[in-house]
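Chemist:
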Amino acid sequence: MTTPPTTETWLNRVDALLAKAESTEFPDEAEALMAKAQELMARHAIDDAMLAAAGRRTGDEITSELVVVTAPYATAKAALLGAVARANHCQCIMSSAGGGSQRCVVLGYSSDLASVRTLFASLSVHAVRAMLATPVPAHDTPRRFRRSFLLAFSFRIGTRLEEAAAAARASAEADGATGVGLVLADRSAAVVDAVKQAYPNLRTARFTSSSSAGIASGRAAADRAGLGQQGLGGQGRALPS
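When we follow the numbering used here, the leftmost residue of the sequence shown carries the number 478, and every step to the right adds one.
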């Protein structure tokens, strides 16, 4: 296996792709650019994991980052962070920060956290922009519609990101890499164990939504983002109240 680009190099490439996706006026172009960015991130994560497992890369340790997600719709925005984290072998722990904000601690290997940080920053801009551009139906309220929109966007994106990661694993194995699934499973299990040690009293946070129009619009926007979900509702990890 050849040594992949440095973290700085591939992040610069991903940042450039996402910046183009955010600035283009053409949905098809944005979709292709975001899909390529996720493909790069997923494949880089696999290369990093395989090198670390072979003892050829050091310094990629489990660590954490604090992200404060602000109002409005902080819970729904935090759900997006959680979806991106899970798709990149990380865990997101949420708790109230007061004032309608959410305090999110994301745990994972440092290389995976870099992917989460980059992708969440871009997808949050895309989600909010799409939400504000979508008219609120006359029979709905802005708050209910927009919260549902963001939740649906988050869960749909999470599914699509996980599908992209699975495709990257299959591609790596087709290229001759062996044991990819086992290495990634071991890393995910190590992160879960770290979460259990740091937060032994976690409970599952469940998200529900009541605006069917918001759900449909949010899913459609997630599909346009270029990255399935059956039934709306989802879950994350939360500190006990």
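We treat Cβ as the ideally placed atom computed from N, Cα and C, and that holds for glycine.
1. What does the Cβ neighbour count give for T595, buried or exposed, with the cut at 16 atoms within 10 Å?
2. Just to confirm the assignment, what range does the alpha helix (DSSP H) spanning G653 have?
3. Would you mind stating whether C567 and C581 have Cβ atoms separated by less than 7 Å?
4. Would you report the Cα separation of F626 and A531, rounded to the nearest angstrom?
5. Using a 10 Å radius around the Cβ and a threshold of 16 neighbouring Cβ atoms, would you call N565 buried or exposed?
6. Quickly, what does DSSP pair L494 with across the bridge? List them, please.
7. Assign V545 to one of two classes, buried (16 or more other C-beta atoms within 10 Å of its C-beta) or exposed (fewer than that).
8. Can you look up G576 in the DSSP assignment and give me helix, strand or coil?
9. Can you tell me which of T540, S601, R623 and A649 puts its alpha carbon nearest to the alpha carbon of A560?
10. What does L584 pair with, by DSSP beta-bridge criteria?
11. What's the call for D670, buried or exposed, on a 16-neighbour Cβ count within 10 Å?
12. Which same chain residues end up closer than 7 Å to M608 when comparing Cβ atoms and leaving out the 5 residues on each side of it in sequence?
13. V561 by DSSP, collapsed to three states: which one?
14. Where are the alpha helix (DSSP H) runs, 4 residues long or more, that stay fully inside the stretch 581-621, in chain order?
Modeler: From the atom records:
1. As a position in the sequence shown, residue 595 is number 118, starting the count at 1. By the neighbour-count rule (16 or more Cβ atoms within 10 Å), T595 is buried.
2. Residue mapping note: residue 653 aligns to position 176 of the sequence shown, counting from 1. Neither: G653 is in no alpha helix (DSSP H) and is coded neither H nor E.
3. Residue numbering aside, residue 567 sits at position 90 when the sequence shown is read from its first letter. Residue numbering aside, residue 581 sits at position 104 when the sequence shown is read from its first letter. Taking 7 Å as the Cβ cut-off, C567 and C581 do not qualify as a contacting pair.
4. As a first step, residue 626 must be located in the sequence shown, where it is residue number 149. As a first step, residue 531 must be located in the sequence shown, where it is residue number 54. Cα to Cα, the separation comes out at about 43 Å.
5. The residue you call residue 565 lines up with position 88 of the sequence shown. With 16 or more other Cβ atoms within 10 Å, it is buried.
6. What you label residue 494 is simply residue 17 of the sequence shown in a count that begins at 1. Per DSSP, L494 has no beta-bridge partner at all.
7. Translated into the one-based positions of the sequence shown, residue 545 becomes position 68. So V545 counts as exposed.
8. To locate residue 576, count along the sequence shown from 1; it is residue 99. Of the three classes helix, strand and coil, the one that applies to G576 here is coil, per DSSP.
9. Taking the sequence shown and counting its residues from 1, the one referred to as residue 560 is at position 83. Of the candidates T540, S601, R623 and A649, the one whose C-alpha sits nearest the C-alpha of A560 is S601.
10. Translated into the one-based positions of the sequence shown, residue 584 becomes position 107. According to DSSP, which records beta bridges pairwise, L584 is partnered with S541 and Q568.
11. Position 193 of the sequence shown, counted from the first residue, corresponds to residue 670. Under this definition D670 is an exposed residue.
12. As a position in the sequence shown, residue 608 is number 131, starting the count at 1. Only R623, F626 and L627 meet the Cβ criterion.
13. Taking the sequence shown and counting its residues from 1, one reaches residue 561 at position 84. Of the three classes helix, strand and coil, the one that applies to V561 here is helix, per DSSP.
14. Taking 4 residues as the shortest admissible run, the stretch 581-621 contains the following complete alpha helix (DSSP H) segments, listed from N- to C-terminal end: 587-610.
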